[in-house]
Amino acid sequence: MNKLFGVLFLFLIFLIVDADDYGIPEICKLEQDSGTCLALFERWWYNNDLGQCQNFTYGGCYGNENNFRTKLECQQNCKICELKMVVGPCKAAIPRWWYDNGECKKFIYGGCKGNDNNFKTLEECQKTCNVCELEQDSGPCEALFIRWWYDKGECKKFVYGGCRGNGNNFKTLEECQARCQYT
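Read left to right, the sequence shown gives residues -19 to -1, 1 to 164 (mature numbering (1 follows the signal peptide of the UniProt record, and there is no 0)).
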(Lines of atoms letter the chains of each structure in order from A and count residues from 1; the text may use other names and numbers.)
(Lines give C-alpha, C1' and ligand atoms only; values in the text may rest on other atoms or scores of the structure.)
Protein backbone atom coordinates (compact mmCIF):
# COMPACT_ATOMS: atom_id res chain seq x y z
CA MET A 1 0.00 0.00 0.00
CA ASN A 2 2.84 2.40 0.87
CA LYS A 3 4.43 1.64 -2.48
CA LEU A 4 1.22 2.67 -4.27
CA PHE A 5 1.08 5.97 -2.36
CA GLY A 6 4.75 6.57 -3.15
CA VAL A 7 4.19 6.05 -6.88
CA LEU A 8 1.08 8.25 -6.79
CA PHE A 9 3.00 10.98 -4.93
CA LEU A 10 5.85 10.92 -7.49
CA PHE A 11 3.33 11.08 -10.34
CA LEU A 12 1.65 14.15 -8.80
CA ILE A 13 5.02 15.84 -8.28
CA PHE A 14 5.89 15.17 -11.94
CA LEU A 15 2.59 16.73 -13.07
CA ILE A 16 3.15 19.83 -10.94
CA VAL A 17 6.74 20.30 -12.14
CA ASP A 18 5.79 19.63 -15.76
CA ALA A 19 2.91 22.12 -15.57
CA ASP A 20 5.25 24.86 -14.34
CA ASP A 21 6.92 27.21 -16.83
CA TYR A 22 9.86 24.85 -17.37
CA GLY A 23 12.97 26.70 -18.38
CA ILE A 24 11.51 30.23 -18.25
CA PRO A 25 13.82 32.46 -16.16
CA GLU A 26 12.25 34.17 -13.14
CA ILE A 27 12.74 37.69 -14.57
CA CYS A 28 10.53 36.69 -17.51
CA LYS A 29 7.69 35.92 -15.11
CA LEU A 30 7.63 39.49 -13.77
CA GLU A 31 4.72 41.72 -14.78
CA GLN A 32 5.34 44.55 -17.23
CA ASP A 33 6.46 47.67 -15.33
CA SER A 34 6.87 51.04 -17.08
CA GLY A 35 8.63 52.59 -14.07
CA THR A 36 7.88 55.92 -12.43
CA CYS A 37 9.69 58.35 -14.76
CA LEU A 38 8.14 59.99 -17.81
CA ALA A 39 10.52 59.23 -20.70
CA LEU A 40 9.17 57.38 -23.74
CA PHE A 41 11.56 54.51 -24.50
CA GLU A 42 10.22 51.67 -26.64
CA ARG A 43 11.10 48.41 -24.90
CA TRP A 44 10.06 44.76 -24.85
CA TRP A 45 8.81 42.58 -22.01
CA TYR A 46 7.97 38.88 -21.83
CA ASN A 47 4.27 38.20 -21.21
CA ASN A 48 4.47 34.82 -19.49
CA ASP A 49 0.69 34.31 -19.70
CA LEU A 50 0.79 34.51 -23.51
CA GLY A 51 4.30 33.11 -24.08
CA GLN A 52 5.20 36.20 -26.13
CA CYS A 53 7.49 39.21 -26.08
CA GLN A 54 5.44 42.41 -26.34
CA ASN A 55 6.46 46.02 -26.72
CA PHE A 56 5.71 48.70 -24.14
CA THR A 57 6.78 52.24 -23.28
CA TYR A 58 9.39 52.44 -20.52
CA GLY A 59 9.61 55.64 -18.48
CA GLY A 60 13.39 55.43 -18.05
CA CYS A 61 13.81 54.57 -14.37
CA TYR A 62 12.85 51.92 -11.86
CA GLY A 63 10.59 49.25 -13.36
CA ASN A 64 11.98 45.71 -13.23
CA GLU A 65 14.34 43.36 -15.10
CA ASN A 66 11.65 42.13 -17.51
CA ASN A 67 12.68 45.01 -19.77
CA PHE A 68 14.62 44.43 -23.00
CA ARG A 69 15.89 46.83 -25.66
CA THR A 70 14.89 44.58 -28.59
CA LYS A 71 12.40 41.80 -29.30
CA LEU A 72 15.30 39.46 -30.13
CA GLU A 73 16.97 40.17 -26.77
CA CYS A 74 13.66 39.40 -25.03
CA GLN A 75 13.18 36.16 -26.97
CA GLN A 76 16.70 34.92 -26.30
CA ASN A 77 16.66 35.79 -22.60
CA CYS A 78 13.24 34.27 -22.01
CA LYS A 79 13.94 31.03 -23.89
CA ILE A 80 11.03 31.21 -26.32
CA CYS A 81 12.84 28.60 -28.42
CA GLU A 82 12.06 26.05 -25.69
CA LEU A 83 8.30 26.65 -25.80
CA LYS A 84 6.08 23.95 -27.28
CA MET A 85 4.60 24.47 -30.74
CA VAL A 86 1.06 25.90 -30.52
CA VAL A 87 -1.16 25.83 -33.62
CA GLY A 88 -3.83 27.99 -31.97
CA PRO A 89 -7.63 27.62 -32.11
CA CYS A 90 -8.29 29.54 -35.34
CA LYS A 91 -8.76 27.82 -38.70
CA ALA A 92 -6.35 29.66 -41.02
CA ALA A 93 -3.62 27.54 -42.58
CA ILE A 94 -0.49 29.68 -42.43
CA PRO A 95 2.88 27.98 -43.06
CA ARG A 96 5.28 28.82 -40.22
CA TRP A 97 8.44 27.54 -38.54
CA TRP A 98 8.99 26.53 -34.92
CA TYR A 99 12.13 25.50 -33.07
CA ASP A 100 12.29 22.00 -31.62
CA ASN A 101 15.34 20.53 -29.90
CA GLY A 102 18.07 21.82 -32.17
CA GLU A 103 16.27 22.41 -35.44
CA CYS A 104 13.65 24.60 -37.05
CA LYS A 105 10.62 22.66 -38.29
CA LYS A 106 7.62 23.60 -40.43
CA PHE A 107 4.10 23.62 -39.05
CA ILE A 108 0.70 25.01 -40.00
CA TYR A 109 -0.37 27.93 -37.78
CA GLY A 110 -4.09 28.57 -37.21
CA GLY A 111 -3.65 32.35 -37.30
CA CYS A 112 -4.39 33.36 -33.69
CA LYS A 113 -3.18 32.79 -30.13
CA GLY A 114 -0.06 30.60 -30.07
CA ASN A 115 3.25 31.79 -28.64
CA ASP A 116 6.54 33.32 -29.80
CA ASN A 117 8.03 29.99 -30.93
CA ASN A 118 6.42 30.79 -34.29
CA PHE A 119 8.48 32.27 -37.13
CA LYS A 120 7.53 33.48 -40.60
CA THR A 121 10.73 32.16 -42.21
CA LEU A 122 13.34 29.47 -41.64
CA GLU A 123 15.98 32.22 -41.51
CA GLU A 124 14.14 34.09 -38.72
CA CYS A 125 13.84 30.85 -36.72
CA GLN A 126 17.53 30.01 -37.15
CA LYS A 127 18.66 33.54 -36.26
CA THR A 128 16.53 33.68 -33.11
CA CYS A 129 17.16 30.12 -31.93
CA ASN A 130 20.85 29.62 -32.68
CA VAL A 131 21.66 26.47 -30.71
CA CYS A 132 25.34 27.40 -30.66
CA GLU A 133 24.58 30.31 -28.32
CA LEU A 134 22.58 28.27 -25.79
CA GLU A 135 24.11 27.48 -22.39
CA GLN A 136 25.22 23.91 -21.72
CA ASP A 137 22.27 22.01 -20.21
CA SER A 138 22.64 18.43 -18.94
CA GLY A 139 18.89 18.11 -18.32
CA PRO A 140 17.22 16.74 -15.18
CA CYS A 141 17.68 13.01 -15.90
CA GLU A 142 20.60 10.99 -14.54
CA ALA A 143 22.01 8.97 -17.43
CA LEU A 144 25.69 9.45 -18.29
CA PHE A 145 25.99 10.17 -22.00
CA ILE A 146 29.14 11.89 -23.23
CA ARG A 147 28.11 14.74 -25.54
CA TRP A 148 29.58 17.91 -26.99
CA TRP A 149 28.42 21.53 -26.65
CA TYR A 150 29.63 24.75 -28.25
CA ASP A 151 31.05 27.49 -26.02
CA LYS A 152 32.90 30.64 -27.08
CA GLY A 153 34.57 29.37 -30.23
CA GLU A 154 35.13 25.73 -29.34
CA CYS A 155 33.31 22.46 -28.79
CA LYS A 156 33.60 20.99 -25.29
CA LYS A 157 32.66 17.65 -23.74
CA PHE A 158 29.92 17.37 -21.13
CA VAL A 159 27.76 14.67 -19.53
CA TYR A 160 24.14 14.63 -20.75
CA GLY A 161 21.50 13.14 -18.45
CA GLY A 162 19.41 11.73 -21.30
CA CYS A 163 16.33 13.97 -21.32
CA ARG A 164 15.32 17.59 -21.91
CA GLY A 165 18.40 19.81 -22.07
CA ASN A 166 18.58 21.92 -25.22
CA GLY A 167 19.83 21.90 -28.81
CA ASN A 168 23.45 22.73 -27.91
CA ASN A 169 24.01 19.01 -27.51
CA PHE A 170 25.88 17.00 -30.14
CA LYS A 171 26.75 13.30 -30.23
CA THR A 172 30.18 13.88 -31.78
CA LEU A 173 32.86 16.57 -31.88
CA GLU A 174 32.53 16.62 -35.67
CA GLU A 175 28.77 17.25 -35.50
CA CYS A 176 29.32 20.13 -33.06
CA GLN A 177 32.03 21.68 -35.24
CA ALA A 178 29.99 21.31 -38.43
CA ARG A 179 27.01 23.09 -36.88
CA CYS A 180 28.70 25.78 -34.80
CA GLN A 181 32.29 26.36 -35.89
CA TYR A 182 31.50 29.31 -38.15
CA THR A 183 28.50 30.86 -36.43
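Where a beta carbon is used, it is the ideal one built from N, C-alpha and C, also for glycine.
Owing to the predicted nature of the structure, the values given are computational and were not obtained by experimental measurement.
At what residues does the beta strand (DSSP E) containing residue 51 begin and finish?
Neither: residue 51 is in no beta strand (DSSP E) and is coded neither H nor E.
Residue 35 by DSSP, collapsed to three states: which one?
Strand.
Identify which residue in 28, 62, 74, 64 has its Cα closest to the Cα of residue 48.
Among 28, 62, 74, 64, the Cα nearest to that of residue 48 belongs to 28.
DSSP three-state call for residue 85: helix, strand or coil?
It is a strand residue.
Just checking: is the beta-carbon of residue 10 within a distance shorter than 8 Å of some beta-carbon in chain D?
Here there is only one protein chain, and chain D is not present.
The beta strand (DSSP E) that contains residue 138, what's its start and end?
First-last of the beta strand (DSSP E) with residue 138: 135 to 141.
Could you check what DSSP says for residue 58 in three-state terms: helix, strand or coil?
The answer is helix: DSSP assigns residue 58 an H, G or I state.
Measuring straight from C-alpha to C-alpha, what distance separates residue 72 and residue 91?
Straight-line Cα distance between these residues: approximately 5 Å.
Rank 137, 96, 57 by C-alpha distance to the C-alpha of residue 33 and give the top, closest one.
Minimum Cα distance to residue 33 is reached at 96.
Spell out the partners DSSP gives residue 90 in its beta bridges.
Beta-bridge pairing links residue 90 to 75.
Between the alpha carbons of residue 137 and residue 131, how many angstroms are there, rounded?
Their backbone Cα atoms lie some 6 Å apart in a straight line.
Report the residue from 112, 78, 123 whose alpha carbon sits nearest the alpha carbon of residue 89.
The candidate whose alpha carbon is nearest that of residue 89 is 78.
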